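Please read the structure below before turning to the comments.
Here it is in structure tokens:
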């Protein structure tokens, strides 16, 4: 049987640019892939439900054309003009799934024993900083890759199905990491204006009910929680108070 996660990465991974939102039915999962892999990915939150299809491939006319799915009184019907009879779709054909980008990012971060950052960018998401390196999931033309600073690894190559679960392929990851320069935490010059922005952002987070505001600030500024605390103490010493009209910026 083909590997399910590799298939999903290539065909059913939500694309941030919106040009590849392909899903898979429960029937296809059941007929073509190992049940243990399906159960595992659902349990890990990597397979997420997708909406009922608006059109599907019709193989009955012999041309495998794409036709509309007609919804009628709770039923879903596939009707091809070249085929004499409409066909009511099974529930397993209507139940659709796709691979969750957030779920996959969190899964990788957890396996690297790192905090999941979830910082979206134009081509995907930043998932974590591990061992001094910045890890990102990105769409590159037709392929999804794991980018680690200047290195890149095709995403299907990152995983192994072993002992009834998906694991990180340590050999492939090691090869990608060879020769990389360690990620440098940005140095922020804490001017009065920057401290004011930090204080304003902290206050806004607290008022919104965010309890882990220090962790949020650490992620947004790309520095440690300790560095954030030191900057807030510096602002307090300077007598800087919240002015929420100020816009939050990251330089």
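Residue numbers (the UniProt record's numbering): 1 to 251.
All C-beta atoms in this analysis are idealised placements derived from N, C-alpha and C, irrespective of residue type, glycine included.
This one's a predicted model, so the numbers in the text were calculated from it and none came from an experiment.
Candidates 116, 206, 194 and 53: which alpha carbon is nearest residue 129's? It is 116.
In chain order, what residues of the same chain have a beta carbon less than 6 Å from the beta carbon of residue 123, not counting five sequence neighbours either side? Cβ within range, chain order: 138 and 139.
For a quick check, are the C-beta atoms of residue 156 and residue 47 less than 9 Å apart? Not in contact: residue 156 and residue 47 (Cβ atoms no closer than 9 Å).
Below 8 Å, can you find three or more Cβ-Cβ pairs linking the region 190-200 to the region 144-162? Contact fails: fewer than three Cβ-Cβ distances are below 8 Å.
Count the C-beta pairs between the region 167-183 and the region 208-216 that are closer than 8 Å, then say yes if the count reaches three, no if not. Under the three-pair Cβ rule at 8 Å, the region 167-183 does not count as touching the region 208-216.
Just to confirm, is the Cβ distance from residue 45 to residue 103 under 9 Å? Contact flag set, yes.
What did DSSP end up calling residue 75 once you bin it into helix, strand or coil? In this structure, residue 75 counts as strand in the three-state DSSP scheme.
Report the residue from 3, 51, 189 and 134 whose alpha carbon sits nearest the alpha carbon of residue 29. Minimum Cα distance to residue 29 is reached at 3.
Would you tell me roughly how many angstroms separate the C-alpha atoms of residue 154 and residue 143, rounded to the nearest one? C-alpha separation (whole angstroms): 7 Å.
Bridge partners of residue 134, per DSSP? Residue 134 pairs with 129.
Check for me: the beta strand (DSSP E) holding residue 206 runs from which residue to which? From DSSP, residue 206 is part of no beta strand (DSSP E) but of the alpha helix (DSSP H) over 192-207.
Would you kindly report the start and end of the unbroken alpha helix (DSSP H) that includes residue 107? In the DSSP assignment, residue 107 falls within the alpha helix (DSSP H) that extends over 101-111.
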